[in-house]
Amino acid sequence: MAMQLLLSAYTRRILYGITIVFVFVSLVWWQPYVSTGTWLGSSTATSSSVLSSSSLDIVVSMYKEDIHNLSVVLRDVQSLPPIKSISRVRTFIYVKDVEANIPMLQDALATSNVIQLPNAGRESGTFLTHIISNYDNLAQHTLFVQAEPHEFENAKNRIIDYFIPSTGVLPLGILEVCDCTSCKDPWNPDRTFNRIEELYSILNSKFCPSKITLSYLGQMIASKERIRSRPRKIYEYLNEILEADQDHHIHKDSEGLAQEFEFFTDGPGNPYFGHTVERAWMLLWGLFGC
Ligand SMILES: *[C@@H]1O[C@H](CO)[C@@H](O)[C@H](O)[C@H]1NC(C)=O
Numbered sequence: 222m223a224m225q226l227l228l229s230a231y232t233r234r235i236l237y238g239i240t241i242v243f244v245f246v247s248l249v250w251w252q253p254y255v256s257t258g259t260w261l262g263s264s265t266a267t268s269s270s271v272l273s274s275s276s277l278d279i280v281v282s283m284y285k286e287d288i289h290n291l292s293v294v295l296r297d298v299q300s301l302p303p304i305k306s307i308s309r310v311r312t313f314i315y316v317k318d319v320e321a322n323i324p325m326l327q328d329a330l331a332t333s334n335v336i337q338l339p340n341a342g343r344e345s346g347t348f349l350t351h352i353i354s355n356y357d358n359l360a361q362h363t364l365f366v367q368a369e370p371h372e373f374e375n376a377k378n379r380i381i382d383y384f385i386p387s388t389g390v391l392p393l394g395i396l397e398v399c400d401c402t403s404c405k406d407p408w409n410p411d412r413t414f415n416r417i418e419e420l421y422s423i424l425n426s427k428f429c430p431s432k433i434t435l436s437y438l439g440q441m442i443a444s445k446e447r448i449r450s451r452p453r454k455i456y457e458y459l460n461e462i463l464e465a466d467q468d469h470h471i472h473k474d475s476e477g478l479a480q481e482f483e484f485f486t487d488g489p490g491n492p493y494f495g496h497t498v499e500r501a502w503m504l505l506w507g508l509f510g511c
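First residue of the sequence shown: 222, per the working numbering; consecutive thereafter.
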């Protein structure tokens, strides 16, 4: 009897211990689903062991960029510490050059996922196309990038310093703040982005706060949960506008802008609205106001 009691007390302690460990692990594991868009301050967590059971899709928006250089970029990205421990990394190349040689790209970039798209909607249209067609089948994280990444060294350092399993969204370019109702690039007051205010309102069913965060350069990492926190139809709508044909009123957005845009031909291949969406990813995925 005494032996039995002793055993059950011992068993209880073990069970108790297991429960504590389980709760702790769950808390760490579930953090992404409750964390908001903060990408700063978590560089201490080096849980690459958890990333190892994860998956990453690298989504590249390409036009006529140098293939060899892109293969170097891809190899570089894949060898970064937080990424090389991920067990499943897939690469998707979306190419908008009608003359692209698909088999050659597949061979040079070591991926069968080379997809030709019509030249419309800039890189934002490419990223939206990937999200729309893979909405139910997204990797745990998706890294969106252009074939010639901007400020690549900085982007790589961002990945090394901040990419962890619980990353919700991680911009790999520059962040700036603008007045939501009269949003301008801080270094160029002639570049205004009137649709930012509308986008904020469409997405949040609210008027703008006074300031919002813009992202630049069209490169970032987002988790599946973060992407799916917006319904597919939002992505479809944005893409429809980005790819709208020349008759659509969206192509009048750039009229009346500064001299800089005198020679800017707004059309499906380079809609001014594409420059707006480039700046608006954080409106979709976090880092809303400030
Ligand atoms: C390829 O990359 C190198 C080094 O960054 C650069 O100097 C060169 O201009 C690039 N080539 C092309 C064709 O873009």
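All residues carry an ideal CB built from backbone N, CA and C; glycine is no exception.
Since the structure is predicted, the reported quantities are computational estimates derived from the model, not experimental observations.
The beta carbon of E418 sits closer than 6 Å to those of C401, T402 and C429, all from its chain and outside the five residues before and after it, given in chain order. Look at which beta carbons fall closer than 6 Å to any heavy atom of ligand 1; those residues are D287 and N290. For E397, the three-state secondary structure derived from DSSP is strand. DSSP places Q337 in the strand class (E or B) of the three-state scheme. Scanning its chain for C-beta atoms nearer than 6 Å, with the 5 sequence neighbours on each side dropped, one finds around Q361 the residues S275, S276 and K445, in chain order. Take P370, set aside five residues on each side of it, and the residues of its chain with a beta-carbon closer than 7 Å to its own are V294, A376 and Q440, in chain order. Excluding residues up to 5 positions away in sequence, D487, G488 and P492 lie with their Cβ nearer than 7 Å to the Cβ of H472 in the same chain. Per DSSP, the unbroken beta strand (DSSP E) holding L364 starts and ends at H362 to Q367.
Taking a 10 Å sphere around the C-beta of M503, we find 16 or more other C-beta atoms and assign the residue as buried.
Note that the C-beta distance between I455 and V390 is not below 9 Å. Per DSSP, the continuous beta strand (DSSP E) segment holding I433 begins and ends at K432 to S436. With a contact defined as Cβ atoms closer than 8 Å, F414 and T363 miss out at about 25 Å. Excluding five sequence positions before and after Y421, the CB atoms of its chain that fall closer than 7 Å to its own CB belong to C401, C429, I433 and L504, given in chain order. When Cβ pairs closer than 8 Å are counted between the two stretches, the segment 278-295 is seen to touch the segment 315-332, the count reaching three or more. L338 and I423 have their C-alpha atoms some 27 Å from each other. Residue nearest to G495 within the set F485, R343 and P324 is R343 (criterion: CA-CA distance).
Note that the C-beta distance between E374 and G394 is not below 9 Å.
One alpha carbon belongs to R449, the other to D297, and they sit about 28 Å apart. Counting along the chain, P392 sits inside the beta strand (DSSP E) bounded by residues V390 to P392.
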